[in-house]
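Read through the structure below, which is laid out as structure tokens, and then see the notes.
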Amino acid sequence: MKPRCGRLALFASAALLAVAVATTGAAAETPKKGGILKFVVPDEPPSFDGHRETTFALIHPIAPFYSVLIRVDPQNPASTTDFVCDVCTEMPKPTDDGKTFSFKIRKGLKFHDGSDLTAKDVNASFQHIIFPPDGVQSPRKEQFQMVESVSAPDDETFVMKLKYPSGAFLPALASPFHFIYSKAVLDKDPHWFEQNVMGSGPFVFEAREAGAAVRGKRNPNYYHAGLPYLDGFEAIFAKTQSLRVQAIRGDQAAMEFRGLPPKSRDDLVAALGKDITVQESDWNCLLIVTPNSRKKPFDDKRVRKALTLALDRWGGSRDLSKIAVVKSVGGIVFPSHPLAATKEELAQLAGYSADVKAAREEAKRLLKEAGVSDLKFTLANRAVDQPYTIVGTWLIDQWKQVGIGVEQKVEPTAPFYATLENGAFDVALEFNCQSVVNPLGDTSKFLPNAGDQYGGFKDPELSKLYDAMNRTGDVAEQRRLMRAYEKRVIDEEVYNFITFWWYRIIPHRSYVKGWKISPSHYLNQDLSMVWLDK
Amino acid sequence: MYFYVFKRLTLMIPTLLGAAALVFFLMRLIPGDICTLRLATGGGSINPGVVKACRLELGMDQPMLLQFWLFIKGLITFDFGRSMWTGRPIVEEVALRFQLSLQVAIMATLTAVLIAIPLGTISAVKQNSWIDYLVRAFSIAGVAMPSFWLGILIILAILIVSKALFGSPWMPPIKYVPIWVDPVYNLSMLIWPALATGYRYSAVATRMTRSAMLEVLREDYVRTARAKGLFRSLIVRRHALRNALLPVVTIIGIEFAFLMGGLVVTEQVFNLNGLGKLFVEAVSNQDYTMTQALVMLVVTIFAFTNLIVDVIYAWLDPRIRYRR
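Residue numbers (numbering that gives the first Met the number 0), protein chains in the order written: chain A, 0 to 533; chain B, 0 to 323.
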């Protein structure tokens, strides 16, 4: 046992050292120009159209070609509340009681084909996202329900008018998917960007090799002075995780941006020592348990509450974080966000108490009261090990502690979603993964009428709470309403409940500098500040 | 012979049509749909309106029989349409992968033939000697060892050995470059999967060569040749081996066709962007048009490979004549 502990301690110290080097060293060094960054991406994007797709597999290879209006601060991507301009000159102060945002667009911006980028292009892009023409798919238009109109009164001004002030607006606007497209191209063919790339970002599209890679080269006319540092990049698609890890080990790729499990981090640190740097962060993804409220006995909230009371989240976090990409215990809001529940507030919710024994006794009592002391059910889960099947297996053990017998049914992603959509499950383990931390938008997942709410319940009260929370500009009031909303979802009615928030681990070659981890694998991916110390 | 080939080509039509009907309807029995999959795996909320628009765009609202007719019409006119997942022409998506799969299949087949025929022959000629035992152990290990597992071992061995030799680990390239663009890069990537798959393939062929040779070496005409005083090596090369190769050719043909679309796991291990990987992705993405096109491609490869094998039979064995 001793040598194993020693090795773990060595890994941990090396990882900590690497994190320290990453955070302190980066500030002290002068960036070098040149070089090609090779990185691996677990999937290939279906199309190139950011307005249409929802996967990170689009962001990693394609975002470097595009500009956006505003974005998470690339100097401080860990912050959940700092947004800065990209093609605008400064973050606007809202007028008209917080309902009008007027953005000044930089002068002299060019698309990669040499044409001018003006406020008209920004306007056309957001028209395409918020008010898409017939036949154009825009999966994020619902995030802009508060927007009344967008317009470009002149080439340097882009105006967004809201129906009501909303704290969800700016985070929604900062989504990395909101690429600025050329109006002229969109007018000609709104589907053109699905198969083609023409942006104004730090890199110019060079080539796509079907199923293999996407390459980009430096944009010499990029408007952020001195950037990008790299000559280019190559995003190599590699589906198998073990291969991606070996590719980093064998230096066929410098990194992958999504995240690797703790074991892969430890293996890389052991194999490469100082040649590997590890950055880690809480991850804006959470694993959710959804009981099927249409089905007996899960239509009884006592049974649903017993399920969440049976979980030892604090112990689970400690143990599972050694083997899976989960760590933080939290409520429905990203743990470090100002709207998130504090540890004391969490302790008031079912299943978050430190006294697990008492909680489990309560769970047994509730099951008995509901007449299902010998409850048995099937847990529907995705056939993806990180973190689904690992956490699914842990859940089975947790529920066994209160006498519930659970069988796990894992299915490939497509049949799994068919099962959820058809309501053909008892209890499901599913997820919610977002880009910009936007609690007011992200928590719409828990609404009874949300497109991805599979619990099958009705609760007008919950919808009212959500609506009120979204329409108030007062942060203290937002927080109060969020607590009430959260309590109703995961404690009083237990329509859904949270297991853990994910934990993002990025081991990368130490020669990669200037990249800072964010709470989402979608953010800070334009690569403009990345440089190679080779 | 020409008439035989013509007849075989004509018989391929019902085979292809049967395969087309089978893949078309079987794919639609798999639960789930491509639109939910595309929108849900991002992790954000799914807008039912967007899912509906996506289904409309892909023609999934059309009656099943109409969809089937469009598919068959496309086959007849060699228009495989567009991938439902990427929206790009299927021919474009398949082209690069086909090149890679073909090269790996050829390299693995060469590896297998170069190993199997000499080893199988020696093993038969030296039956029950230590050489025979060694060859049999080698071939049984090859049959027992999955090529993807051998592939993982090869990668780990390269990483460890290169680190020990050069101070930093080296790994074969993970992105394909055609052989005419950079032969060294290309071979440094593909030699390893060709060895991993070629070894398993050679193991099967070695055992087949050995058993066929043992049978042929006991034939009367071989005994007659020996009685005539011919050299043993001449008997083996000229009289025995040629006849023993008939079943071996069948195995090689089937394996070659299998390698074109069936290297699913090995392609994942070495990140080969081949047809097998594309197949898995198409099925898991519920990309009906791509899966249908790939199945038809693989069926056609199998049908043509079998035809070529039959023609080689006639060349190897003059007793075989194909008549009306």
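For each residue, glycine too, the CB sits at the ideal point set by N, CA and C.
Closest residue to residue i among the options (Cα-Cα distance)
i                         : options                                   : result
glutamine 291 of chain B  : B:Thr110, B:Thr40, B:Asn46 and B:Ile71    : B:Ile71
threonine 208 of chain B  : B:Leu69, B:Thr249 and B:Leu65             : B:Thr249
glutamate 254 of chain B  : B:Ile300, B:Asp78 and B:Phe79             : B:Ile300
lysine 32 of chain A      : A:Glu89, A:Phe102 and A:Phe232            : A:Phe232
valine 86 of chain A      : A:Gln74, A:Pro76, A:Lys106 and A:Pro93    : A:Lys106
isoleucine 29 of chain B  : A:Phe499, A:Gly450, A:Thr418 and A:Lys444 : A:Thr418
asparagine 523 of chain A : A:Ala173, A:Ala253 and A:Gln347           : A:Ala173
alanine 56 of chain A     : A:Met90, A:Lys92, A:Phe176 and A:Leu68    : A:Phe176
serine 372 of chain A     : A:Val401, A:Pro459, A:Tyr510 and A:Glu485 : A:Val401
aspartate 95 of chain A   : A:Ser148, A:Ser78, A:Thr88 and A:Leu161   : A:Leu161
leucine 242 of chain A    : B:Leu64, B:Asn270 and B:Leu16             : B:Asn270
lysine 463 of chain A     : A:Ala475, A:Arg487 and A:Asp451           : A:Arg487
tyrosine 312 of chain B   : B:Thr9, B:Ala302 and B:Leu245             : B:Leu245
C-beta neighbour in chain B for residue i, strict 8 Å
i                         : result
glutamine 385 of chain A  : no
arginine 554 of chain A   : Past the edges of chain A, shown from 0 to 533, lies residue 554 of chain A, and the structure says nothing about it.
tyrosine 416 of chain A   : yes
glutamine 240 of chain A  : no
glutamate 193 of chain A  : yes
aspartate 154 of chain A  : no
isoleucine 505 of chain A : no
valine 20 of chain A      : Model confidence at valine 20 of chain A stands at a pLDDT of 43, short of 50, so the residue's coordinates are unreliable; what they give is reported in the following sentence. Output row for valine 20 of chain A: interface = no.
arginine 248 of chain A   : yes
alanine 167 of chain A    : no
glutamate 255 of chain A  : no
threonine 412 of chain A  : yes
threonine 53 of chain A   : yes
glycine 210 of chain A    : yes
proline 138 of chain A    : yes
Spatial distance of residue i from residue j (CA atoms)
i                         : j                            : result
isoleucine 435 of chain A : proline 41 of chain A        : One detail in the question is off: residue 435 of chain A reads as valine in this sequence, not isoleucine. Approximately 21 Å between the Cα atoms of the pair.
alanine 211 of chain B    : leucine 118 of chain B       : 13 Å
histidine 59 of chain A   : alanine 206 of chain A       : 15 Å
asparagine 448 of chain A : glutamate 141 of chain A     : 13 Å
alanine 123 of chain A    : phenylalanine 178 of chain A : 11 Å
threonine 398 of chain B  : leucine 95 of chain B        : Residue numbering for chain B in the displayed model covers 0 to 323; residue 398 of chain B lies beyond these limits and cannot be assessed.
glycine 31 of chain B     : phenylalanine 38 of chain A  : 32 Å
threonine 196 of chain B  : leucine 186 of chain B       : 15 Å
arginine 293 of chain A   : phenylalanine 456 of chain A : 7 Å
leucine 36 of chain B     : proline 138 of chain A       : 13 Å
aspartate 133 of chain A  : glycine 49 of chain A        : 18 Å
valine 529 of chain A     : lysine 512 of chain A        : 6 Å
histidine 223 of chain A  : proline 44 of chain A        : 27 Å
proline 47 of chain B     : leucine 57 of chain B        : 15 Å
proline 93 of chain A     : glutamate 492 of chain A     : 38 Å
leucine 306 of chain A    : tryptophan 398 of chain A    : 7 Å
proline 172 of chain B    : histidine 507 of chain A     : 18 Å
methionine 188 of chain B : leucine 274 of chain B       : 17 Å
Distance between beta carbons of residue j and residue i, contact taken as under 8 Å
i                            : j                           : result
proline 518 of chain A       : tryptophan 282 of chain A   : 6 Å
glutamine 102 of chain B     : isoleucine 154 of chain B   : 19 Å between Cβ atoms; not a contact.
glutamine 279 of chain A     : isoleucine 516 of chain A   : In the sequence under discussion, the amino acid at residue 279 of chain A is glutamate, which differs from the glutamine named in the question. The Cβ separation is near 7 Å, so the contact holds.
phenylalanine 204 of chain A : phenylalanine 64 of chain A : 5 Å
arginine 470 of chain A      : tyrosine 163 of chain A     : 5 Å
isoleucine 505 of chain A    : leucine 229 of chain A      : About 18 Å; that fails the 8 Å criterion.
methionine 106 of chain B    : alanine 202 of chain B      : Actually they do not touch by this definition, with Cβ atoms about 17 Å apart.
tryptophan 501 of chain A    : proline 411 of chain A      : About 21 Å separates the two Cβ atoms, so there is no contact after all.
Proximity test, Cβ basis, 8 Å: residue i and chain A
i                       : result
alanine 202 of chain B  : no
serine 283 of chain B   : yes
threonine 40 of chain B : yes
arginine 27 of chain B  : no
leucine 101 of chain B  : no
leucine 158 of chain B  : yes
glutamine 98 of chain B : no
tyrosine 175 of chain B : yes
Residue environment, residue i, which counts as buried when at least 16 other CB atoms sit within 10 Å
i                        : result
tyrosine 198 of chain B  : buried
glutamine 251 of chain A : buried
alanine 14 of chain A    : Low local confidence applies: a pLDDT of 45 at alanine 14 of chain A is under 50, so the model's placement there is unreliable, with the coordinate-based value given in what follows. By the neighbour-count rule (16 or more Cβ atoms within 10 Å), alanine 14 of chain A is buried.
threonine 4 of chain B   : Before going on, a small fix: residue 4 of chain B reads as valine here, not threonine. Flag for valine 4 of chain B reads exposed.
serine 148 of chain A    : exposed
arginine 222 of chain B  : exposed
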